[in-house]
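Q: Structure provided below as structure tokens; questions to follow.
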Amino acid sequence: MKPRTRFLVVFAAIIVSLYVIVAIRPVNDRVVEPFTGLIAKATGGLLRLTGEQVEVRGVEVRGPGASIAIENGCNGLEAIIVLAAAVCAFPAPWRSRLTALVVGSIGLQLLNLVRTTSLYLFLKYRPSLFEVLHTSVWQTILVVAAVIFFLVWSSRQRVSVEPKSAA
Amino acid sequence: MNRNQLLKGSVGFALGLVLWLAAGPAYHSIVATATQQVFRLAENPNVTQLQPSGNDVILNRTDFDSRSPRPQIPVRDLTFNVILLLTLLAAAGPPLRLRYGGRWITALFALFAVHVAALTAKVMTLYVLRLGAWSQANYGSVARNFWSGADHFYRFIGIYAAAFVIWWIARLDDTEKEPKPARNRRRKG
Chain A
1 MKPRTRFLVV FAAIIVSLYV IVAIRPVNDR VVEPFTGLIA KATGGLLRLT GEQVEVRGVE
61 VRGPGASIAI ENGCNGLEAI IVLAAAVCAF PAPWRSRLTA LVVGSIGLQL LNLVRTTSLY
121 LFLKYRPSLF EVLHTSVWQT ILVVAAVIFF LVWSSRQRVS VEPKSAA
Chain B
1 MNRNQLLKGS VGFALGLVLW LAAGPAYHSI VATATQQVFR LAENPNVTQL QPSGNDVILN
61 RTDFDSRSPR PQIPVRDLTF NVILLLTLLA AAGPPLRLRY GGRWITALFA LFAVHVAALT
121 AKVMTLYVLR LGAWSQANYG SVARNFWSGA DHFYRFIGIY AAAFVIWWIA RLDDTEKEPK
181 PARNRRRKG
């Protein structure tokens, strides 16, 4: 099998497997929901730092004039799954893959916090922009960030795998 | 990934966003028409009618009670990955030259086919789950799980994975990349 085809087959298999794992109700209830609740708490904390008076209940961030619920699709898991599938499908040492997964996931979650915080602020102060930012712009930025991280990481793997030319 | 690619990616992102916002209603009308043709192939009699309405599609079966409300499907939520695909193609895809035009057209057509499949799954999800006793009477648990699973998978992760896979296939790999033109070296006389 060509390396390119192999990458796609493994990528697709990992995407479907991770989706099935995340979609199983016990995993959703015991892992995804509490994780999303943590994102809501962090979003509330960031908003309080900016002077907003908000309270967090479960996955909801409420304040005077705006209220958002952070749900599946807003918790950054989709970008992490794309990154995980691409990194695992790419030929590289497992240690390097693991490092990329950890560093990339942390980076994506930090970016996602910027997304959720900014979406609350847009809903409150520029509600006309909220819908397009929520449904398309931020979603795309997050996945593009995951792909850029993957491209940078994979190009470094290639450099380290290539044999050094004789002097 | 260098500065030039980041710049190209940003242009691709902006272009994709503007195209998606400005040409959305026209594009969604084409997707709705193509999806209706898919239902024409599978249905007998042909009862599914998909009427474009801005960025939505109104599902209007000819056998619906004329007094019942018509379900409305927001197609925008299914097609915004065109922004992602254009960003990836612009940043790290085939060069924008006539020679590679086929790759660009094939990639965009593949995404169009994905959008038709996504709308088909969405309409089928409405049929198998949302029409009360009619859904229960006409579809079994296998159909319910298959179509609702396909729709959920696409909306959660498939929408991004599809754009990624299309870009990955369209991009040039290392063996296909054009060699940089050699500089003319002047010989010292």
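Respectively, the protein sequence lines represent chains A and B.
First residue of the first sequence? That's 1 in the numbering used here, and the numbers climb one at a time after it.
First residue of the second sequence? That's 1 in the numbering used here, and the numbers climb one at a time after it.
All C-beta atoms in this analysis are idealised placements derived from N, C-alpha and C, irrespective of residue type, glycine included.
Beta strand (DSSP E) containing Ile-24/A: first to last residue?
A: From DSSP, Ile-24/A is part of no beta strand (DSSP E); its letter is neither H nor E.
Q: Grab me the residues of Val-11/B's own chain with a C-beta within less than 7 Å of its C-beta, minus the 5 sequence neighbours each way, in chain order.
A: Ala-90
Q: Using 9 Å as the limit for Cβ to Cβ distance, is Ile-157/B near chain A?
A: yes
Q: Mind reading off the beta-carbon distance from Gln-53/A to Ser-96/A? Whole number of angstroms is fine, and I expect it under 8 Å.
A: Not confirmed; about 45 Å, so no contact.
Q: Pull up the DSSP beta-bridge partners for Ala-66/A, would you.
A: Paired residues: Gly-63/A.
Q: What are the partner residues of Leu-59/B, as DSSP defines its beta bridges?
A: DSSP, once it has assigned bridges, lists Leu-50/B as partnering Leu-59/B.
Q: Looking only at DSSP bridge pairs, what is Ile-73/B linked to?
A: According to DSSP, Ile-73/B bridges with Val-57/B.
Q: Check whether the Cβ of Gly-51/A lies closer than 9 Å to any Cβ atom in chain B.
A: no
Q: Mind checking Phe-221/B: buried by the 16 CB within 10 Å criterion, or exposed?
A: Given that chain B is displayed from residue 1 to residue 189, the structure contains no residue 221/B and the question cannot be resolved.
Q: For a test of the three-state rule: what should DSSP assign to Glu-33/A, helix, strand or coil?
A: helix
Q: Residues of the region 66-83 of chain A with a CB closer than 9 Å to any CB of chain B: list them in chain order, please.
A: Near chain B, meaning a CB-to-CB distance below 9 Å, the residues of the region 66-83 of chain A are Asn-72, Gly-73, Leu-77, Glu-78, Ala-79, Ile-81 and Val-82.
Q: Can you list the residues of chain A that Ala-161/B reaches, using a CB-CB cut of under 7 Å?
A: Ile-15 and Val-82
Q: Put Glu-78/A into one of helix, strand or coil per three-state DSSP.
A: Glu-78/A: helix per DSSP, three-state reduction.
Q: Assuming Ala-85/A and Ile-14/A make a contact with CB atoms under 8 Å, what is their CB distance in whole Å?
A: 4 Å
Q: Using only CA atoms, which one of Pro-25/B, Leu-50/B and Asp-65/B lies nearest to Leu-59/B?
A: Nearest in C-alpha terms to Leu-59/B, of all of Pro-25/B, Leu-50/B and Asp-65/B, is Leu-50/B.
Q: If you run the structure through DSSP and keep just helix, strand and coil, what is Lys-188/B?
A: Because the pLDDT of Lys-188/B is 49, which lies under 50, any placement of that residue in the model is unreliable, and the number read from its coordinates should be weighed accordingly. Three-state result, Lys-188/B: coil.
Q: Would you give the residue range spanned by the beta strand (DSSP E) that Arg-103/B belongs to?
A: Looking at the DSSP string, Arg-103/B is not in any beta strand (DSSP E); the run it does join, the alpha helix (DSSP H), is 101-125.
Q: My output table needs one value for Glu-52/A: the three-state DSSP class, helix, strand or coil.
A: Here Glu-52/A carries a coil assignment [DSSP, helix/strand/coil].
Q: From His-152/B to Pro-127/A, what does the alpha carbon distance come to, in whole angstroms?
A: 27 Å
Q: If we define contact as Cβ-Cβ less than 9 Å, is Leu-38/A a contact residue for chain B?
A: no
Q: For the putative contact between Ile-73/B and Asp-56/B, defined by C-beta atoms under 8 Å, what is the C-beta separation to the nearest angstrom?
A: 6 Å
Q: Counting only the same chain and skipping the five closest in sequence on each side, list residues whose C-beta sits under 7 Å from that of Ala-121/B.
A: Contacts found: Trp-147, Ala-150, Asp-151 and Tyr-154.
Q: Could you spell out where the alpha helix (DSSP H) holding Pro-95/B opens and where it closes?
A: It is not in any alpha helix (DSSP H) - Pro-95/B carries neither H nor E in the DSSP assignment.
Q: Does Thr-48/B come within less than 9 Å of chain A when only Cβ atoms are used?
A: Not closer than 9 Å to any Cβ of chain A, the Cβ of Thr-48/B fails to qualify, so no.
Q: Below 8 Å on C-beta distance, what does Asp-77/B contact in chain A?
A: Thr-135
Q: Return the first residue and the last residue of the alpha helix (DSSP H) that Gly-140/B is part of.
A: First-last for Gly-140/B: undefined, no H or E at that position.
Q: My output table needs one value for Ile-130/B: the three-state DSSP class, helix, strand or coil.
A: A small correction: the amino acid at residue 130/B is Arg; Ile does not occupy that position in the sequence shown. Arg-130/B: helix per DSSP, three-state reduction.
Q: Got a sec? Which residues, its chain only, sit under 6 Å from Glu-55/A by beta carbon, not counting five neighbours each side?
A: Arg-62
Q: Reducing DSSP to helix, strand and coil, say where Arg-171/B ends up.
A: coil
Q: Is there a C-beta anywhere in chain B that falls below 9 Å from the one on Ser-128/A?
A: no
Q: Just mark Gly-58/A as buried or exposed, buried being the case when its beta carbon has 16 or more other beta carbons within 10 Å.
A: Counting the other CB atoms within 10 Å of its CB gives Gly-58/A a total below 16, which places it among the exposed residues.
Q: What's the C-alpha gap between Ala-176/A and Gly-51/A?
A: A question about residue 176/A goes unanswered here, because the residues of chain A that appear run from 1 up to 167.
Q: Please classify Arg-57/A: does DSSP put it in a helix, a strand, or coil?
A: strand
Q: Between the C-alpha atoms of Met-1/B and Asn-138/B, what's the straight-line distance to the nearest angstrom?
A: 52 Å
Q: Between the alpha carbons of Ala-92/A and Ser-154/A, how many angstroms are there, rounded?
A: 8 Å
Q: Give the secondary structure of Pro-127/A by DSSP, where H, G and I count as helix, E and B as strand, and everything else as coil.
A: helix
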